[in-house]
Amino acid sequence: MASGPSGSASAELTTPTPGGPAIQARPVSSAPAVSPIWGFIGRRILLGILVLFLVSIVVFLATQGLGDPARAILGRSATPASLAALRAQLHLDRPLIVQYLTWVGGLVHGDLGTSLAAQEPVATLIKDKVVNSAFLVLIAGGISIPLSIAIGSYAALRRDKAFDVAMSLITLVFAALPEFVVGVLLVVLFATTVLHVLPAVTLIPPGAGPWDDLQGLVLPVLTLVLAVTPYVARIMRASMIEVLESDYVEMARLKGLPERVVIIRHALPNALGPTFQVIALNLAYLAGGIIVIEYVFNYGGIGSGLRDGVFNHDIPVVQALAMLIAGLYIVLNLLADVATILVTPKLRTRL
Amino acid sequence: MSVYNPLATNEPPLVQPRKPSGVLRNALTLGRTRVGLALLVLVAGVAVFGPLFAPHGPQDYLGLLPNKGPAPGALFGTDHIGQDVWSRFLDGGREILFLALASTILGLAIGIAIGLFAAYTKGATDDVLMRGMDVILAFPSIMLALVVIATLGPSYWLIILAVGLTNIPRAARVTRAAAQPIVERDFVGAAEAIGVPRWKILFGEILPNVLSPLMVEGSLRLTYSIGLIAAIAFLGFTPNPNGADWGVMIQENYIALSVQPWGVVLPVLAIALLTMATGMIGDGIARAAAGIDRLRSAE
Numbered sequence: 057m058a059s060g061p062s063g064s065a066s067a068e069l070t071t072p073t074p075g076g077p078a079i080q081a082r083p084v085s086s087a088p089a090v091s092p093i094w095g096f097i098g099r100r101i102l103l104g105i106l107v108l109f110l111v112s113i114v115v116f117l118a119t120q121g122l123g124d125p126a127r128a129i130l131g132r133s134a135t136p137a138s139l140a141a142l143r144a145q146l147h148l149d150r151p152l153i154v155q156y157l158t159w160v161g162g163l164v165h166g167d168l169g170t171s172l173a174a175q176e177p178v179a180t181l182i183k184d185k186v187v188n189s190a191f192l193v194l195i196a197g198g199i200s201i202p203l204s205i206a207i208g209s210y211a212a213l214r215r216d217k218a219f220d221v222a223m224s225l226i227t228l229v230f231a232a233l234p235e236f237v238v239g240v241l242l243v244v245l246f247a248t249t250v251l252h253v254l255p256a257v258t259l260i261p262p263g264a265g266p267w268d269d270l271q272g273l274v275l276p277v278l279t280l281v282l283a284v285t286p287y288v289a290r291i292m293r294a295s296m297i298e299v300l301e302s303d304y305v306e307m308a309r310l311k312g313l314p315e316r317v318v319i320i321r322h323a324l325p326n327a328l329g330p331t332f333q334v335i336a337l338n339l340a341y342l343a344g345g346i347i348v349i350e351y352v353f354n355y356g357g358i359g360s361g362l363r364d365g366v367f368n369h370d371i372p373v374v375q376a377l378a379m380l381i382a383g384l385y386i387v388l389n390l391l392a393d394v395a396t397i398l399v400t401p402k403l404r405t406r407l
Numbered sequence: 003m004s005v006y007n008p009l010a011t012n013e014p015p016l017v018q019p020r021k022p023s024g025v026l027r028n029a030l031t032l033g034r035t036r037v038g039l040a041l042l043v044l045v046a047g048v049a050v051f052g053p054l055f056a057p058h059g060p061q062d063y064l065g066l067l068p069n070k071g072p073a074p075g076a077l078f079g080t081d082h083i084g085q086d087v088w089s090r091f092l093d094g095g096r097e098i099l100f101l102a103l104a105s106t107i108l109g110l111a112i113g114i115a116i117g118l119f120a121a122y123t124k125g126a127t128d129d130v131l132m133r134g135m136d137v138i139l140a141f142p143s144i145m146l147a148l149v150v151i152a153t154l155g156p157s158y159w160l161i162i163l164a165v166g167l168t169n170i171p172r173a174a175r176v177t178r179a180a181a182q183p184i185v186e187r188d189f190v191g192a193a194e195a196i197g198v199p200r201w202k203i204l205f206g207e208i209l210p211n212v213l214s215p216l217m218v219e220g221s222l223r224l225t226y227s228i229g230l231i232a233a234i235a236f237l238g239f240t241p242n243p244n245g246a247d248w249g250v251m252i253q254e255n256y257i258a259l260s261v262q263p264w265g266v267v268l269p270v271l272a273i274a275l276l277t278m279a280t281g282m283i284g285d286g287i288a289r290a291a292a293g294i295d296r297l298r299s300a301e
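In order, the protein sequence lines correspond to chains A and B. Quick note on the numbering used here: the first sequence kicks off at 57 and runs consecutively. Quick note on the numbering used here: the second sequence kicks off at 3 and runs consecutively.
#1: Taking C-beta pairs closer than 8 Å, name the residues in chain A that Pro-263(B) reaches, listed in chain order.
#2: Residues of chain B with a CB under 7 Å from the CB of Phe-367(A): which are they?
#3: Within its chain, find whatever has a CB closer than 7 Å to the CB of Val-459(A); leave out the 5 residues flanking it on each side and keep chain order.
#4: Please name the residues in the segment 152 to 167 of chain B whose beta-carbon is closer than 8 Å to at least one beta-carbon of chain A, in chain order.
#5: Excluding the 5 residues preceding and the 5 following Arg-178(B) in the sequence, name in chain order all residues of the same chain whose CB lies nearer than 6 Å to its CB.
#6: Could you check whether the Cβ of Ala-335(A) sits closer than 8 Å to any Cβ belonging to chain B?
#7: Counting only beta-carbon atoms, is Pro-74(B) nearer than 8 Å to chain A?
#8: Which residues in chain B have a C-beta closer than 8 Å to the C-beta of Leu-362(A)? List them in chain order.
#9: Kindly list, in the order they appear in chain A, the residues whose Cβ is closer than 9 Å to that of Phe-91(B).
#10: What residues from the segment 222 to 242 of chain A come within 8 Å of chain B, judged by C-beta to C-beta, listed N to C?
#11: Checking 8 Å against the spacing of the C-beta atoms, do Gly-357(A) and Leu-192(A) come in under that value?
#12: Since Leu-146(A) meets chain B, which of its residues come closer than 7 Å, beta carbon to beta carbon?
#13: Spell out the partners DSSP gives Tyr-156(A) in its beta bridges.
#14: Taking the straight line between their C-alpha atoms, what separation do you get for Trp-248(B) and Phe-141(B)?
#15: Apply the 10 Å Cβ neighbour rule to Thr-180(A) and answer buried if 16 or more other Cβ atoms are within range, or exposed otherwise.
#16: Measure the beta-carbon distance from Val-394(A) to Ile-151(B) and round it to whole angstroms, keeping in mind my assumption that it falls under 8 Å.
#17: For Met-251(B), would you say it is in contact with chain A, using Cβ-to-Cβ distances shorter than 8 Å as the test?
#18: State the DSSP-derived secondary structure class of Gln-262(B), mapped to helix, strand or coil.
#19: Less than 8 Å between C-beta atoms, sequence neighbours within five positions excluded: which residues of the same chain meet that for Val-253(A)?
#20: Among Leu-251(A), Val-221(A), Leu-339(A), Ala-376(A), which residue has its Cα nearest to the Cα of Ile-201(A)?
#21: By how many angstroms is the C-alpha of Ala-115(B) removed from the C-alpha of Ile-2(B)?
#22: How big is the Cα-Cα spacing for Leu-146(A) and Ile-386(A)?
#23: Which two residues bound the contiguous alpha helix (DSSP H) that contains Gly-198(A)?
#24: Please confirm if Gly-220(B) has its CB atom under 8 Å from at least one CB of chain A.
#25: Kindly indicate which three-state DSSP category Thr-249(A) falls into: helix, strand or coil?
#26: By Cβ distance, which residues of its chain are closer than 6 Å to Pro-77(A), with the 5 residues on each side in sequence left out?
#27: Assuming Val-257(A) is part of the alpha helix (DSSP H), what are its boundary residues?
#28: Closer than 7 Å, Cβ to any Cβ of chain B: which residues of the segment 340 to 359 of chain A, in chain order?
#29: So with CB distances below 9 Å, who are the chain A contacts of Leu-259(B)?
#30: Out of Met-278(B), Gln-253(B), Ala-279(B), Thr-280(B), which one is the CA nearest neighbour of Val-267(B)?
#31: Kindly indicate the opening and closing residues of the alpha helix (DSSP H) around Leu-28(B).
#32: Looking at the unbroken alpha helix (DSSP H) that takes in Asp-128(B), where does it start and where does it end?
#33: Strictly under 8 Å for the Cβ-Cβ distance: is Met-273(B) near chain A by that measure?
#34: Only counting the same chain, and skipping five residues up and downstream in sequence, which positions put a Cβ closer than 6 Å to that of Leu-58(B)?
#35: What three-state label does DSSP hand Tyr-341(A) in the structure shown?
#36: Report buried or exposed for Ala-291(B), applying the criterion of at least 16 other Cβ atoms within 10 angstroms of its Cβ.
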């Protein structure tokens, strides 16, 4: 354990790791040091925080720096007096940098501001919505990830056969369709026009959760699954094909292992590496996709909350939800990087 | 929709890049490209020439009840306030097509310029530019557009800018990946040696060699811009609230879907066919650019 890692590390110095060249040449101390993966994760977290900081600047400038929120909120009929009053209430009369620091300072301390429409703290307003959306995304992810891995692997094994060709066309079409179009078409098909078997909206009564209306969950979850599965299945297929043609899979076959063992023990884990990136990107994409899909199904989550916030010019709500969704996006990408390293032995030993 | 294409992204061409015209010719031999092209001609034809054939003006009241099903004088019935669905449908494609094209062209132009510049200059400039692109990528595209609309309100130029902005980092990444191996080639060094100005090297020497992956990326970005533009209108953000626009039509008639589906079904199908068309064309070009032989016979 003491000399192994450094030996293999220097042997593979030529190929760059995704983390950049700086992390390759680190000497491995002889003491039982912390696993190098922690250093990698630490750097990734720092990078994530930096990106989040830059994102906060963009969100702030877009909502408060470019236009006049007071005028947007009050509309054209605003009087100079009411404008001035609202500007004072929102601290818009202070210099931009002070406004930014006040806002970010509040965020860091968990103070998300006060909703202008509801006159309530944003945090209490969005608490239930966060839970509802998380539930939706988790269910959709929990279904679409295994499904797309299965479809992609099977298509790779049946390459150029009927299943593969059919899947290639189906995923191509669903990858192109905007998610709200899929949602609306599903509603037309299953809820309002062709069949009348499922509800068109998800009803979440106050105090209840989306799990209390399982029937109402079917269509939104299906829409999200159809939005995500095509990409992941396509990547899984491509990476599985590459692995199946590799020397070590041929080796495993030649030494007489049953095909099932070759696929599950040798091919699948190696094909998952590149797929994890795409899975995380797509989970992150779900975080954006819920904005439109929740609106289609009138689902009370952060997506429809953001839409309503934008519609009502409720700037504090928009800012908080935008930061939340961007934060989720960044965390999921970070998890993808770590998962990729963990499932790829080659990258792991090179840390 | 952030269209991820395994053949298009982050993968510089393995062999000598093929000539764009040859790629297009190869793409046209594929069934999917032809079907896509036929669909595109159909839907774009409706969008561009539809208004000429509309029996009524898009904002004419027919004197019929709102949300009425197909009736004499109203082929597909009336919408939520009694206007003719068919006429509004014929009139509603131009806006979406124009906005999507404009934001795609804007995003591609800036993204390609950034990608070429990053690949050519390398080093710190490259790092800073691409990390900047990562920041834009940290926003779900539709959120980026919504955040800007929250204060500034929806206007055509703002929607084009916002959607164009989401196209920039993706176009830049693909351009940079494709241009990196080209930058190392001898003819670039030769051009530098005889003193060709930098912008001429970027756009005259390097750009023509990365056109194939960019055609693929262009069709992906168009597919995704159409979806994004339509989604923004569907969420209720439009500069022209009662104007005829496929996205707006879906939004305003959605509530009456169970009574009068045509006001929603027609524009939804049109958007679906349009994005399918550009998606299939993009896939066809991607396959042709990667070399059909390489895909078919790797064994």
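We put the CB at the ideal spot given by N, CA and C, even for glycine.
According to the structure data:
#1: For the purposes of this step, residue 263(B) is taken as the residue at position 261 of the second sequence. The answer, in chain order, is Val-244, Thr-248, Thr-249.
#2: Taking the first residue of the first sequence as position 1, residue 367(A) is located at position 311. Gly-238, listed in chain order.
#3: With chain A represented from 57 up to 407, any question about residue 459(A) goes unanswered, as that position is not in the structure.
#4: Ala-152, Thr-153, Leu-154, Gly-155
#5: Walking along the second sequence from the start, residue 178(B) turns up at place 176. Gly-117, Ala-120, Ala-121.
#6: Position 279 of the first sequence, counting from 1, holds the residue named residue 335(A). Sequence check: residue 335(A) is Ile here, not Ala. No, because no Cβ of chain B sits closer than 8 Å to the Cβ of Ile-335(A).
#7: Position 72 of the second sequence, counting from 1, holds the residue named residue 74(B). Judged by the 8 Å Cβ criterion, Pro-74(B) is not in contact with chain A.
#8: In the first sequence, counting from the first residue as 1, residue 362(A) sits at position 306. By Cβ distance, chain B contributes Met-145, Leu-148.
#9: Taking the second sequence and counting its residues from 1, the one referred to as residue 91(B) is at position 89. By Cβ distance, chain A contributes nothing, its closest Cβ being about 15 Å from Phe-91(B), past 9 Å.
#10: Leu-225, Leu-228, Val-229, Ala-231, Ala-232, Leu-233, Pro-234, Glu-235, Phe-236, Val-237, Val-240, Leu-241
#11: Taking the first residue of the first sequence as 1, we reach residue 357(A) at position 301. Taking the first residue of the first sequence as 1, we reach residue 192(A) at position 136. The answer is yes: Cβ separation under 8 Å.
#12: As a working note, residue 146(A) is residue 90 in the first sequence. Those within 7 Å of Leu-146(A) in chain B number zero; the least Cβ separation is about 12 Å.
#13: Working through the first sequence from its first residue, we reach residue 156(A) at position 100. DSSP lists no partner for Tyr-156(A).
#14: Indexing the second sequence from 1 puts residue 248(B) at position 246. Indexing the second sequence from 1 puts residue 141(B) at position 139. So the alpha carbons of these two residues sit roughly 26 Å apart.
#15: For the purposes of this step, residue 180(A) is identified with residue 124 of the first sequence, where counting begins at 1. Per the 10 Å Cβ criterion, exposed.
#16: One-based indexing of the first sequence puts residue 394(A) at position 338. One-based indexing of the second sequence puts residue 151(B) at position 149. The pair is not a contact, with the Cβ atoms about 35 Å apart (cut-off 8 Å).
#17: Reading the second sequence from its first residue, position 249 is the one you call residue 251(B). Taking Cβ atoms only, chain A never reaches closer than 8 Å to Met-251(B), which makes this a no.
#18: Numbered from 1 along the second sequence, position 260 holds the residue referred to as residue 262(B). Residue state, collapsed to three classes: coil.
#19: Taking the first residue of the first sequence as position 1, residue 253(A) is located at position 197. Same-chain partners within the cutoff: Phe-246, Ala-247.
#20: Locating residue 201(A) in the first sequence gives position 145, where the first residue counts as 1. The shortest Cα separation from Ile-201(A) among Leu-251(A), Val-221(A), Leu-339(A), Ala-376(A) belongs to Leu-339(A).
#21: Because chain B in this structure spans residues 3 to 301, residue 2(B) falls outside the shown range and cannot be described.
#22: Locating residue 146(A) in the first sequence gives position 90, where the first residue counts as 1. Locating residue 386(A) in the first sequence gives position 330, where the first residue counts as 1. Roughly 29 Å between the two C-alpha positions.
#23: For the purposes of this step, residue 198(A) is taken as the residue at position 142 of the first sequence. It spans 178 to 213 - the alpha helix (DSSP H) in which Gly-198(A) sits, taken as one unbroken run.
#24: As a working note, residue 220(B) is residue 218 in the second sequence. It does not: the Cβ of Gly-220(B) has no partner Cβ on chain A nearer than 8 Å.
#25: The residue given as residue 249(A) occupies position 193 in the first sequence. Correct three-state label for Thr-249(A): coil.
#26: Counting from 1 along the first sequence, the entry for residue 77(A) is found at position 21. In this prediction, Pro-77(A) scores a pLDDT of 40, lower than 50, which makes its location untrustworthy; the coordinate-derived value is nonetheless stated afterwards. Nothing listed; no residue qualifies.
#27: What you label residue 257(A) is simply residue 201 of the first sequence in a count that begins at 1. Careful: Val-257(A) lies outside any alpha helix (DSSP H) and carries neither H nor E.
#28: Tyr-341, Ala-343, Gly-344, Ile-347, Val-348, Tyr-351
#29: Taking the first residue of the second sequence as position 1, residue 259(B) is located at position 257. Result: Val-240, Val-243, Val-244, Ala-247, Thr-248, Thr-249, Ala-256.
#30: For the purposes of this step, residue 267(B) is taken as residue 265 along the second sequence, with counting starting at 1. Closest by alpha carbon: Gln-253(B).
#31: Working through the second sequence from its first residue, we reach residue 28(B) at position 26. Correcting the residue identity first, residue 28(B) is Asn in this sequence and not Leu. Its alpha helix (DSSP H) spans residues 22 to 30.
#32: In the second sequence, counting from the first residue as 1, residue 128(B) sits at position 126. Here the alpha helix (DSSP H) through Asp-128(B) covers 125 to 139.
#33: To locate residue 273(B), count along the second sequence from 1; it is residue 271. A quick correction: the sequence has Ile, not Met, at residue 273(B). Yes, contact with chain A.
#34: The count along the second sequence starts at 1 and reaches residue 58(B) at position 56. A quick correction: the sequence has His, not Leu, at residue 58(B). Here the set comprises Asp-86, Ser-89.
#35: Reading the first sequence from its first residue, position 285 is the one you call residue 341(A). Reduced to three states, the DSSP call for Tyr-341(A) is helix.
#36: Here residue 291(B) refers to the residue found at position 289 when the second sequence is read from its first residue. Classification of Ala-291(B): buried, given that the 10 Å Cβ count is 16 or more.
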